[in-house]
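Engineer: This is the structure I want to talk about, given as structure tokens.
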Amino acid sequence: MGSLHHFLTMTFVQQTGPQRLERCPEPHQLTDAADNVVQYDQVLTTKLAIAYAVGLEIVHRARSPITAGSAVDLACGPGHYTLCLAQHLRYDAIEGIDLSAPMVETARANADRQGMQNRVRFRTGDVTALSDVPSGSVDLASFTDAAHHLPDLDRVERVLREMERISKPDGLVMVMDLVRLRTAELTERYVQTLGHDYVARGLPAFFDDFRNSMYAAWTADELHGAIPRDSQRWWCHIVPRGLPTIQIILGLPVGRQKLFVRSGFPWPKDQNPVPPSMRWEWRLLRWSLALGSRRWVPPTR
Ligand SMILES: C[S@@+](CC[C@H](N)C(=O)[O-])C[C@H]1O[C@@H](n2cnc3c(N)ncnc32)[C@H](O)[C@@H]1O
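Just so we're aligned: the sequence shown equals residues 5 to 305 in the numbering used here.
Right, dumping it as structure tokens:
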């Protein structure tokens, strides 16, 4: 199902015509039902592992200092991306925040299992109101696969402003999320292509969540509109060419417009977090991101 032929066909359809699919918000803003939490905990065995790897590589290439540092991962869910920040990017004081108590419990259990509990802590909290996180205190603020869970763009903008506020001037802000596709037919095709085996593998709730997320996702133009316009930073919005399955926004260290300051991967070859069976799709996504669009929002002087 996930063949190159399918992706090329979907790419063609995505490129031909205006955006027709209206947004349908998530049925539940928080992920706290038992089945959904347990099944989302399997996220690294699904194709979302590809997006995680790309998100880690982008932070690696864009961050200022390369070793250690502090990070806050917003709407962290079961904490897999959060734990990857410690494992692959060597951040050493990391806080994951989610408003779903069962997600936070699951994330703590994952940290314990990996022996990371001293470097990575998890707590409940609302990411639209981070008044308990001091201004200018972290080297990285990340927010992955969750902007589409918020009910409106005002709240997304509020989160981006908070991310900027809590980041050190030389820190990095990173947002990654899905992209709503052009039509319902294309969305169904894409959801089946990526998730056709989730039900067979015992992940029906994950399949439903993924499908709902594709309808709740922001288009690239919508998410672009949530970037703060009165910021100290250069912001860059990267959208892959062809079939835009993810979008990434970086708020660069204050005073820097150069997007990437190093190349390569943050892991040795034998520790690539993408399972071998998904590597061609991972390469395709990296390639389409490298050729993708980069829209800039300048700082206010
Ligand atoms: C699809 S999960 C993403 C989890 C994780 N960031 C990842 O990339 O795997 C979305 C998460 O956002 C959380 N969430 C939604 N609204 C939130 C809010 N206002 N504050 C904190 N967490 C929120 C949900 O509970 C859920 O765990």
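Built from N, CA and C at the ideal position, the CB exists for glycine as well.
Unbroken beta strand (DSSP E) runs of length 3 or more, entirely within the stretch 26-103: which are they?
Structural biologist: 74-78, 97-102
Engineer: Regarding Gln33 and ligand 1, is the C-beta to nearest heavy atom distance less than 6 Å?
Structural biologist: In the sequence shown, the residue the question calls residue 33 occupies position 29. Checking the Cβ of Gln33 against ligand 1 gives yes.
Engineer: For the beta strand (DSSP E) holding Ser171, just list the boundary residues, first then last.
Structural biologist: To locate residue 171, count along the sequence shown from 1; it is residue 167. It spans 171-182 - the beta strand (DSSP E) in which Ser171 sits, taken as one unbroken run.
Engineer: Apart from the five residues just before and just after Ser104, which ones in its own chain have a Cβ nearer than 6 Å to its Cβ?
Structural biologist: Position 100 of the sequence shown, counted from the start, is the residue given in the question as residue 104. Within the same chain, Ser104 has close Cβ partners Leu34, Thr35, Asp36.
Engineer: Consider the C-beta atom of Tyr219 and the heavy atoms of ligand 3; say whether any pair is separated by less than 6 Å.
Structural biologist: In the structure on display, ligand 3 does not appear, and the ligands it does have are ligand 1.
Engineer: Checking 7 Å against the spacing of the C-beta atoms, do Gln43 and Leu207 come in under that value?
Structural biologist: Here residue 43 corresponds to residue number 39 of the sequence shown, with the count starting at 1. Here residue 207 corresponds to residue number 203 of the sequence shown, with the count starting at 1. Yes, the pair counts as a contact, with Cβ atoms nearer than the cut-off.
Engineer: Under the criterion of a Cβ to heavy atom distance below 6 Å, does Val104 qualify as lining ligand 1?
Structural biologist: For the purposes of this step, residue 104 is taken as the residue at position 100 of the sequence shown. The question names Val, but residue 104 is Ser in the sequence shown. It does: the Cβ of Ser104 is within 6 Å (strictly closer) of some heavy atom of ligand 1.
Engineer: Would you report the Cα separation of Thr110 and Glu99, rounded to the nearest angstrom?
Structural biologist: Start at 1 with the first residue of the sequence shown, and residue 110 comes out as number 106. Start at 1 with the first residue of the sequence shown, and residue 99 comes out as number 95. Looking at the two C-alpha atoms, the distance is approximately 14 Å.
Engineer: Using DSSP's beta-bridge definition, name the partner residues of Ser146.
Structural biologist: The sequence position of residue 146 within the sequence shown is 142, counting from 1. According to DSSP, which records beta bridges pairwise, Ser146 is partnered with Asp77, Met178.
Engineer: Is it right to say Ile231 is buried, meaning 16 or more other beta carbons lie within 10 angstroms of its own, or is it exposed?
Structural biologist: Working through the sequence shown from its first residue, we reach residue 231 at position 227. By the 10 Å Cβ count, Ile231 comes out buried.
Engineer: Tell me whether Met5 sits in a helix, a strand or coil according to DSSP, three-state version.
Structural biologist: Taking the sequence shown and counting its residues from 1, the one referred to as residue 5 is at position 1. Only weak support exists for where Met5 lies, its pLDDT of 44 falling under 50; the value from the coordinates is given anyway. It is coil, neither helix nor strand.
Engineer: Pick out whichever of Leu154, Pro303, Met218, Asp212 has its Cα sitting closest to the Cα of Trp238.
Structural biologist: Within the sequence shown, residue 238 is the residue found at index 234, counting from 1. Residue Pro303 is the option with its Cα nearest to Trp238.
Engineer: Would you kindly check if the distance between the Cβ of Val195 and the Cβ of Met180 is under 7 Å?
Structural biologist: Numbered from its first residue, the sequence shown carries residue 180 at position 176. Numbered from its first residue, the sequence shown carries residue 195 at position 191. Going by C-beta atoms, Met180 is not nearer than 7 Å to Val195.
Engineer: Where do the ends of the beta strand (DSSP E) carrying Phe126 lie?
Structural biologist: Taking the sequence shown and counting its residues from 1, one reaches residue 126 at position 122. For Phe126, the enclosing beta strand (DSSP E) has its first and last residue at 124-128.
Engineer: I'd like to confirm the pairing. Which residues does DSSP put opposite His241 in its beta bridges?
Structural biologist: Counted from its first residue, the sequence shown places residue 241 at position 237. Ile253, Arg299.
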